[in-house]
DNA sequence: ATGAGAAAAATTGTATCCATTCTTGCCCAT
DNA sequence: ATGGGCAAGAATGGATACAATTTTTCTCAT
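Chains as they are written, first to last, in the working numbering: chain A, 2 to 211; chain B, 2 to 211.
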């Protein structure tokens, strides 16, 4: 039998949401712009039904705002926006670290990410960074926490991802500290380290954005 | 002109979601039951489009699960479910306390809730308890955090709310401790106290459910 | 100019229709 | 008798058309 990539991987509403998300984050759709159902559907080559659902997904991710009978306005990055995003992520990821320690979860995947991050250069730092965080979420054993953090990661604030070497080095060092504390099952230390890591990333993002 | 209550307060999809939420939490729709679009739409007296959107809201709240092309199954309370809910809430509400302290927010509304909780009996404890927590979220100044916690509060685990006097007393004492730490701007203390308060509530819920 | 009111445009909800997919149950071959 | 496969049925996912409401804009009379 032929081995072909399936035509349909996800529901159309999610493809639409992904496409719009990318456009908003890359700022090819500008802040404050008004999205109408019909024009968006036409631009995506689909009907309005899945577009309506995609709008709700994006609203949940904080990329657009839905007003009663008035449609969707594209939200932009703002300092307040960034702050809110990172404050929540700091709390949740710190909790994930705490849970990993308390449950004595398997750390092999996390370790793999840390060492990969060491060996490879900074060019694909973004993916490795995400893997490191994601595997911690997974190891926490709280599937709902994984869902919430995944949604946050899709949000606006993660849009402008840095590839600067300087940032990658600093971040890598912090990842190693976090991992060592996880390995030592130091719940307080690991969660505090993760919290600090994320809040410092927030400051980086804020200054870069400003 | 006549002064009448508007017939339509919220979008139909949200009314539908609210109606289904209530039915699921009160267990008039049982765990594991399969909800079909058509029958649900007929039962609610609306068409299927807003029902589909309501299903997605409920799935986000963790009350149902949507399977590809197979509809919605009603989820039940499980220990894992409860744990995940409270772990996340503990992290977020502790963060809210931290933010309240760091930002030096206005505490008057929160104080009002604490003293109301003192003066009135335990009969309307549920509402007062919610007000206390809600006003802390608000005072954090993080609107996204408010949204996320509101969604969590709508979830399954909050369904069986206790009115037992014993619990209300214990909880009230903890609320007072939390408030005093907020007033002293002790971010670490307040967040730790809130965290403990919620995790203890979790234990109560787990033993009661078991 | 200003304000009332009509007209246009967009969302929200309704009603069908079709394609795809998942389940179920039956039939048949072994 | 049992297990695999096939067909029928049901339900979702999406498309399309339309009615109803609301918002915005534009016009026109005062």
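Cβ coordinates follow ideal geometry from the N, Cα and C atoms, glycine included.
Do we get a CB-CB distance below 7 Å when we pair residue i with the residues of chain B?
| i | result |
| --- | --- |
| residue 83 of chain A | no |
| residue 146 of chain A | yes |
| residue 76 of chain A | no |
| residue 204 of chain A | no |
| residue 96 of chain A | yes |
| residue 210 of chain A | no |
| residue 176 of chain A | no |
Once DSSP output is grouped into helix, strand and coil, what is the label at residue i?
| i | result |
| --- | --- |
| residue 23 of chain B | helix |
| residue 185 of chain A | coil |
| residue 35 of chain B | strand |
| residue 155 of chain B | coil |
| residue 106 of chain A | coil |
| residue 12 of chain A | coil |
| residue 78 of chain B | coil |
| residue 29 of chain A | coil |
| residue 43 of chain A | helix |
| residue 143 of chain A | coil |
| residue 192 of chain B | helix |
| residue 116 of chain B | helix |
| residue 48 of chain B | coil |
| residue 63 of chain B | coil |
| residue 211 of chain B | coil |
When you measure from the CB of residue i to every non-hydrogen atom of the ligand PLP, does any distance come out below 6 Å?
| i | result |
| --- | --- |
| residue 210 of chain B | Ligands in the displayed structure: none, and consequently the ligand PLP is not present. |
With a cut-off of 7 Å, does the C-beta of residue i fall near any C-beta of chain A?
| i | result |
| --- | --- |
| residue 92 of chain B | yes |
| residue 89 of chain B | yes |
| residue 143 of chain B | yes |
| residue 2 of chain B | With a pLDDT of 37 at residue 2 of chain B, under the threshold of 50, the modelled position of this residue cannot be trusted; read the value that follows with caution. Judged by the 7 Å Cβ criterion, residue 2 of chain B is not in contact with chain A. |
| residue 5 of chain B | A caution first: residue 5 of chain B carries a pLDDT of 49, below 50, which makes its placement in the model unreliable, though a value can still be read off. No, its Cβ sits nowhere closer than 7 Å to a Cβ of chain A. |
List the residues that DSSP assigns as beta-bridge partners of residue i.
| i | result |
| --- | --- |
| residue 72 of chain A | A:68 |
Across the region 88-108 of chain A and the region 64-78 of chain A, are there enough close Cβ pairs to call them in contact, namely three or more that are closer than 8 Å? no
Below 8 Å, how does it come out for the region 106-120 of chain A and the region 54-71 of chain A: are there three or more Cβ pairs, yes or no? no
Kindly confirm or deny that the region 35-54 of chain A and the region 187-201 of chain A touch, where touching means at least three C-beta pairs closer than 8 Å. no
At least 3 beta-carbon pairs within less than 8 Å: the region 131-147 of chain B vs the region 101-109 of chain B: yes
Is the region 81-88 of chain B close to the region 168-183 of chain B, with three or more CB pairs under 8 Å? no
For the 8 Å Cβ check, are there 3 or more pairs between the region 15-26 of chain B and the region 194-209 of chain A? no
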